[in-house]
Amino acid sequence: MNTVLRIAGVTKRFGAAAAVDGVTLDVRENEFLALLGASGCGKTTLLRIMAGLEQPDAGQVFIDGKDVTATPPYARPVNMMFQSYALFPHMTVAANIAFGLKQDGLQGDALAARVKEALGAVELDGLGERKPHQLSGGQRQRVALARCIAKRPRVLLLDEPMAALDKHLRERTQMELKALRARLGITFIVVTHDQDEAMAMADRVAVMEAGRVLQIDTPLALYERPANARVARFFGNINLWTSSSKTMALRPERIRISHAPLTDGVSGTIENVVYLGTATTCFVKTAAGQTLRVSVPHAEGAQAFNQGDAVHLSWPASAVMELPE
Numbered sequence: 049m050n051t052v053l054r055i056a057g058v059t060k061r062f063g064a065a066a067a068v069d070g071v072t073l074d075v076r077e078n079e080f081l082a083l084l085g086a087s088g089c090g091k092t093t094l095l096r097i098m099a100g101l102e103q104p105d106a107g108q109v110f111i112d113g114k115d116v117t118a119t120p121p122y123a124r125p126v127n128m129m130f131q132s133y134a135l136f137p138h139m140t141v142a143a144n145i146a147f148g149l150k151q152d153g154l155q156g157d158a159l160a161a162r163v164k165e166a167l168g169a170v171e172l173d174g175l176g177e178r179k180p181h182q183l184s185g186g187q188r189q190r191v192a193l194a195r196c197i198a199k200r201p202r203v204l205l206l207d208e209p210m211a212a213l214d215k216h217l218r219e220r221t222q223m224e225l226k227a228l229r230a231r232l233g234i235t236f237i238v239v240t241h242d243q244d245e246a247m248a249m250a251d252r253v254a255v256m257e258a259g260r261v262l263q264i265d266t267p268l269a270l271y272e273r274p275a276n277a278r279v280a281r282f283f284g285n286i287n288l289w290t291s292s293s294k295t296m297a298l299r300p301e302r303i304r305i306s307h308a309p310l311t312d313g314v315s316g317t318i319e320n321v322v323y324l325g326t327a328t329t330c331f332v333k334t335a336a337g338q339t340l341r342v343s344v345p346h347a348e349g350a351q352a353f354n355q356g357d358a359v360h361l362s363w364p365a366s367a368v369m370e371l372p373e
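Read in order, the letters of the sequence shown are residues 49 to 373 in the working numbering.
So, in structure tokens, the structure goes:
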């Protein structure tokens with residue numbers, strides 16, 4: 049698959065601190081890539097470097113093989129959608145979408161057709177004459193998205209696009225963005241701190257910490273085969289403990305819990321029970337003093353386990369991963 053955008057050895061410092069520290073990253077044609085990490089990990093700075101809004105102190109940015117490191121934002125085949133949406137409040141929806149196109153010299157019937165196409169792509173047909181304040185939060189987000197895709201960029205950059213949406217709308221918008229990317233054939237790069245959001249939308253996820261990419265892979269590979277304990281801690285819930293100076297990892301859903309003794313199991317007491325809708329999480333303190341998180345689907349009788357119960361745990365040996373720190 050062709051590489052549409054390449055980050056090569058990019059570093060960006062603010063004072064003595066490196067916000068981005070020697071990152072090399074290839075983004076593929078038509079893929080949905082998520083930059084995932086906690087606040088301050090450097091993901092938004094990296095996105096702004098891709099957009100040309102920040103200049104790296106070292107390294108290069110390539111788009112379709114061309115070095116665009118010194119190219120200003122308006123001259124790059126890239127568009128960026130900000131958290132705030134940055135819509136012009138005095139303009140109609142159609143005028144907001146048309147603004148950048150007019151700056152590029154598009155006018156007349158061609159301009160009207162492009163605006164109509166963008167409105168249709170985000171399912172806002174018939175709302176072109178409304179002002180932003182007359183729209184819901186989700187609709188304003190779609191206007192911002194339409195304004196970006198109307199210019200038909202090679203790469204669309206999205207900075208925490210769902211941050212202002214409620215849970216239900218956020219989940220629906222995730223699916224809409226994924227479907228839209230497939231229809232348009234545009235490469236999407238999204239910044240998020242939400243692992244569930246990254247898993248739901250992205251073809252690949254780059255997990256970042258302290259300005260570096262710890263691992264980039266598919267959501268499945270990151271969950272099942274994290275490169276180290278730091279990725280494992282951030283990507284999904286996991287139990288970690290040290291054995292013979294080695295870090296061991298075990299996903300909560302791989303643990304079997306029972307009131308009856310289990311072969312090759314360990315005994316313990318339930319310290320806490322957390323109801324999560326589709327499953328219940330039991331926090332079990334073992335006889336060795338270790339607290340393990342256990343995920344119990346309701347189909348397996350999660351309601352039978354209560355705080356204070358004596359229980360037994362077991363898991364297949366293959367479920368335990370040995371990870372570097």
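Ideal placement from N, C-alpha and C gives every residue a C-beta, glycine not left out.
In the structure shown, A82 falls within a strand segment according to DSSP collapsed to helix, strand and coil. Spanning the alpha carbons of V368 and E219 requires a straight line of approximately 31 angstroms. For the set C330, Q338, A258, the Cα lying nearest the Cα of H346 is the one of C330.
Counting C-beta atoms within 10 angstroms of its own C-beta, S343 has 16 or more neighbours from the protein chains shown and is therefore classed as buried.
Residue pairing of A277 in beta bridges, as defined by DSSP: absent, with no partner found. Around the beta carbon of T311, fewer than 16 other beta carbons lie within 10 angstroms, which makes this residue exposed. For F147, the uninterrupted alpha helix (DSSP H) segment begins and ends at 141-151. Taking a contact as a CB-CB distance under 8 angstroms, the pair V255 and F283 counts as one, their CB atoms being some 6 angstroms apart.
In the structure shown, F283 adopts coil according to DSSP, grouped into three states.
For T339, the uninterrupted beta strand (DSSP E) run begins and ends at 339-345, by DSSP. If you check the CB distance, I111 and L53 come in under 7 angstroms. In this structure, V332 is the residue among V332, G168, Q355, A280 with its C-alpha nearest to the C-alpha of L361. The three-state reading of DSSP puts H241 in coil, since its state is none of H, G, I, E or B. Residue burial annotation: P137 is exposed, with fewer than 16 other C-beta atoms found within 10 angstroms of its C-beta. With a 10 Å radius around the Cβ and a threshold of 16 neighbouring Cβ atoms, D152 comes out exposed.
Looking at the backbone, the Cα of L288 and that of G313 are separated by about 18 angstroms. Counting C-beta pairs closer than 8 angstroms gives three or more between the stretch 54-71 and the stretch 248-262, which meets the contact rule.
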